[in-house]
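Contents: one structure, followed by commentary.
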Amino acid sequence: MSQADIVFHNTLSGKKETFVPGNPEHVTVYVCGPTVYSYVHIGNGRPAVIFDVLTRLLRTRYPQVSYVSNITDIDDKINAAAAANGEEIATLAERYAQAYRQDVSALGVLAPDVVPKATHHIAEIIDMIETLIAKGHAYASADHVLFHVPSDGAYGTLAKRTLEDMIDGARVEVAGYKKDPKDFVLWKPSSDEQPGWHSPWGRGRPGWHIECSAMVKKHLGDSIDIHGGGSDLTFPHHENEAAQSRCANDDPSYVRYWLHNGMLHLGTEKMSKSLGNVLTIRALLESHSSEVLRYALLSGQYRSSLTWSDELLAQARASLDSLYQSLRDATAETSQTSADMQGLKQADYPDTVVAALCDDLNTPRALAAMHELATQLRRATNGEEKTAALQQLLAGGWLLGLLHQNAEDYFTQGQPGDAATLSADEIEALIARRKAARADGDYAGADRIRDELLTAGIELEDSREGTRWRKI
RNA sequence: GGCUGGGUGGCAGAGUGGUUAUGCAGCGGACUGCAACUCCGUUAACGCCGGUUCGAUUCCGACCUCAGCCUCCA
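Okay, here's the thing in structure tokens:
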């Protein structure tokens, strides 16, 4: 019984294509991470979460998946930030690199197999630049090394624009040392204050794009299956990266599937560091649970833009609550969470969720399927049905990186920013007093206690088994 | 200006040439001392104008409009 093909929208063709790995025994994935000179914003979290779901899916199907996601730790903005607060450049970059790992880890993102950094790959970068020069695709000029764009016949095929298109509204600086205005920097000289490494072209540092080419080659090879990143990286970053790699590697199929996620918006505009309209993950975690943030990120298909707002977060929380509510009813006797569902057989993951994800990571459809599974679980009339539905729901939760908390804890521990101030013991004591009042027929007194709790952010749910509570 | 991708019910967001997801919210009912939870039922949509078709939200064309990239950006 063969299962559904995985289909991805490939930026290269502009179409959905069936995913056929170069080597089904070993699938290779590379995703561009952030440049670390400040805390990352929630927009940076989107590719981290999306491609986390991608690798979770791939790993249910392929025996080996190598996932590499870099951190850019050499960049003029890093230099500027370090200079601004009198800090060592490497210290600042490392501090924010660690913060990035913490932030995306909080979003439930599993660590990639390798998280390479540009500064640890200077030798590989220099090697690749030398190769490009030797093959006539790059040249040294005025202490710089430049990639000669017209030397690559395939240039522009990713971003789908011709050289003529680019000359039209070009805002490129016309540096005198460039043979062609579109030529871009592979290596540039450093002043004494700037970080630099010795090279055949003097002390200097790499340009932006070459690090990814070098790190992909080192960790995954000359040709890989999937390369992901934000849609704003398509041009020039990925176009340039692809040009470098295919010219240096003699392999025209540098990347078989290019996947680009859409941007997060704040209001009508893209969330962007340069515009300054960003919400850091760190700040959001002060008033929202990390899982709500992840749910919100998954509530839109990854290629579309997603407008980030308080309403989105409120709806994400309400929706996640409803999934946990069905788990709470079902998991009284088990401590299982989705974290226990890693590494199941393919067939043990729910078909509907898998099918949605196989269709170009359609996470909104996958979430819809999760809610349908939750409904099945609530409707289950016997233990067998209930167990089966529970397993399905939790297994789907694993694929999406949701439902890893114990349902009871989810509701009683509350979330950052909740109004609740009472301790569990105080709440239980009030519930006991209310129970006594009800037993005495003192409904007015019982309701007073319930209202008091509600004011304190605690909602009660009565059932035959007793009264339970949740923070709201 | 060039290139790319959108405009779906109160909100978010899938999908489809005819039976019209899912979540939140709303409405009616059941349950409850009353609520909450849960269950049952239910309202409501496809930017605009043409075309193709027995039939289009779905295909084609024009238009309006929004966003992204063309500079650092996930």
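Those letters in the first sequence? Residues 97 to 568, per our numbering, in order.
Ideal Cβ positions, reconstructed from N, Cα and C, are used throughout, including at glycine.
Quick caveat, the model's predicted, so the values are computed rather than measured.
Short Cβ contact (7 Å threshold) for residue i with residue j
i      : j      : result
Thr107 : His356 : yes
Val161 : Val127 : no
Glu569 : His305 : Any answer about residue 569 is impossible in this case: the structure gives the chain only from 97 up to 568.
Gly493 : Ser415 : no
Ser383 : Pro512 : yes
Asp444 : Ala491 : yes
Leu206 : Asp148 : yes
Ala339 : Met224 : no
Leu578 : Leu486 : Look at the range of the chain in this structure, 97 to 568, and you will see that residue 578 is not part of it.
Ile185 : Pro291 : yes
Pro296 : Asp276 : no
Tyr163 : Val136 : no
Sequence-distant residues of the same chain with beta carbon closer than 6 Å to residue i, five excluded per side
i      : result
Leu402 : Leu360, Gly396
Met97  : In this prediction, Met97 has a pLDDT of 34, which is less than 50 and means its spatial position is unreliable; nothing more can be read from the coordinates.
Tyr391 : Ala412, Leu416
Ile146 : Asn357, Tyr398
Pro117 : Val123, Asp321
Span of the beta strand (DSSP E) around residue i
i      : result
Arg566 : 562 to 567
His323 : 320 to 326
Asp558 : 554 to 559
Ser295 : Element bounds for Ser295: n/a, residue is neither H nor E.
Val123 : 123 to 127
His500 : That residue, His500, is in no beta strand (DSSP E); it is neither H nor E in DSSP.
Thr114 : 111 to 114
Ser165 : 161 to 165
Leu254 : Segment: none, Leu254 is in no beta strand (DSSP E) and carries neither H nor E.
First and last residue of the uninterrupted alpha helix (DSSP H) at residue i
i      : result
Lys314 : 306 to 315
Val145 : 138 to 155
Gly493 : 479 to 496
Val388 : 386 to 394
His68  : With the chain covering 97 to 568 only, the question about residue 68 has no answer from this structure.
Glu407 : 406 to 426
Tyr506 : 503 to 509
Arg399 : It is not in any alpha helix (DSSP H) - Arg399 carries neither H nor E in the DSSP assignment.
Pro460 : 459 to 475
Closest residue to residue i among the options (Cα-Cα distance)
i      : options                        : result
Ser165 : Glu504, Gly141, Ala255         : Gly141
Glu407 : Ser400, Leu389, Tyr398         : Leu389
Thr508 : His500, Leu499, Leu518         : Leu518
Arg288 : Pro277, Arg197, Gly300         : In the sequence as presented, Arg is not what sits at residue 288; that position holds Asp. Selected option, being the one with the closest Cα: Gly300.
Ser134 : Pro117, Asn181, Phe147         : Asn181
Asn502 : Glu468, Asp521, Thr430, Leu440 : Thr430
Ala535 : Gly303, Gly562, Ala552, Ala520 : Gly562
Thr471 : His240, Asn458, Gln488         : Gln488
Leu409 : Ser349, Leu362, Asp239         : Leu362
Gln438 : Ala528, Asp171, Leu498, Lys369 : Leu498
Ser319 : Ser295, Gly303, Asp347         : Asp347
Ile523 : Lys366, Asp543, Ala552         : Ala552
Asp279 : Gly372, Asn478, Asp248         : Asp248
Glu387 : Ile138, Lys441, Val125         : Ile138
Lys111 : Leu495, Ala238, Arg352         : Arg352
Ser237 : Ala271, Ile221, Thr215, Tyr251 : Ala271
Asp505 : Ala428, Gly118, Asn119, Pro446 : Ala428
Own chain partners of residue i with C-beta closer than 7 Å, once the 5 adjacent residues on each side are dropped
i      : result
Lys274 : Leu242
Gly541 : Ala533
Ser559 : none
Glu555 : Trp565, Arg566, Ile568
Gly325 : Val127, Cys128, Pro143, His334, His356
Asn373 : Leu362, Glu365, Met367
Pro159 : Glu121
Val449 : Ala462, Ala465, Met466, Gly492, Leu495
8 Å CB neighbourhood of residue i in its chain, flanking five on each side removed
i      : result
Thr114 : Asp101, Ile102, Val103
His217 : Glu307, Ala310, Met311, Lys314
Asp171 : Thr131, Tyr133, Trp304
At least three beta-carbon pairs within less than 8 Å, the stretch 183 to 194 to the stretch 139 to 153: no
contact_flag[the stretch 208 to 223, the stretch 167 to 186] where n(CB pairs < 8 Å) is 3 or more: yes
Contact between the stretch 219 to 234 and the stretch 324 to 332 (3+ Cβ pairs under 8 Å): no
Segment contact, 8 Å Cβ cut-off, at least three pairs: the stretch 248 to 261 with the stretch 281 to 296: no
Inter-stretch contact at 8 Å, needing at least 3 Cβ pairs: the stretch 420 to 433 / the stretch 441 to 460: no
Stretch-stretch touch, CB-based, cutoff 8 Å, three pairs: the stretch 363 to 383 with the stretch 197 to 208: yes
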